[in-house]
Every structure is written in C-alpha cells, then in structure tokens.
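What follows is a set of notes on a single structure, which appears directly below.
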Amino acid sequence: MKVWLVSFFILFALTQFIMWLKNFFMPLPLYIFGGAFLAIASNYDQNISKFISHKTQTFFGSKLDD
Numbered sequence: 001m002k003v004w005l006v007s008f009f010i011l012f013a014l015t016q017f018i019m020w021l022k023n024f025f026m027p028l029p030l031y032i033f034g035g036a037f038l039a040i041a042s043n044y045d046q047n048i049s050k051f052i053s054h055k056t057q058t059f060f061g062s063k064l065d066d
C-alpha cells in the first residue's frame, strides 16, 4: 500500500509539473538577455576583454599604456 501511495503521489506531482511547464511563458527580453549571457559565458576563455579594449582604443583614437 505504501509503494502504491508513493507512486501515485510522484505521478501526480510529475503530471502537475508538466501541465505547469506547458503554460509557462517567457517574454522576449528574457530570451535576449539569456542568449547574450550564454554567448559571453561560452566565449569567456577567448580573452574577449583584450578585444573590447582594443576596439575601444581604436574607436576613441587614443592608445593607453598597458
């Protein structure tokens, strides 16, 4: 009886979670920020900071001493 009761509760919780997940809606800005975060996180080891500082120096037309 205990196994049946626990199994029923687990299946009930799982179906309720799936029904909630179907109705879950994320607005577009969250997708955009999430995508930007993933892009930054995946390219973090490629020294993006050196690239950005080089582009900033080129844009402003000045070279700062490192």
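Using the working numbering, the first residue of the sequence shown is number 1, and each one after it goes up by one.
Heads up, the beta-carbon is just placed ideally off N, CA and C, and yes, glycines get one too.
In this text, all values refer to a predicted model and were calculated from it rather than measured experimentally.
Helix, strand or coil at Pro27 according to DSSP, with G and I counted as helix: coil
Continuous alpha helix (DSSP H) stretch holding Met19: start and end: It spans Lys2 to Lys22 - the alpha helix (DSSP H) in which Met19 sits, taken as one unbroken run.
Nearest-angstrom Cα separation, counted from Ser42 out to Ala36: 10 Å
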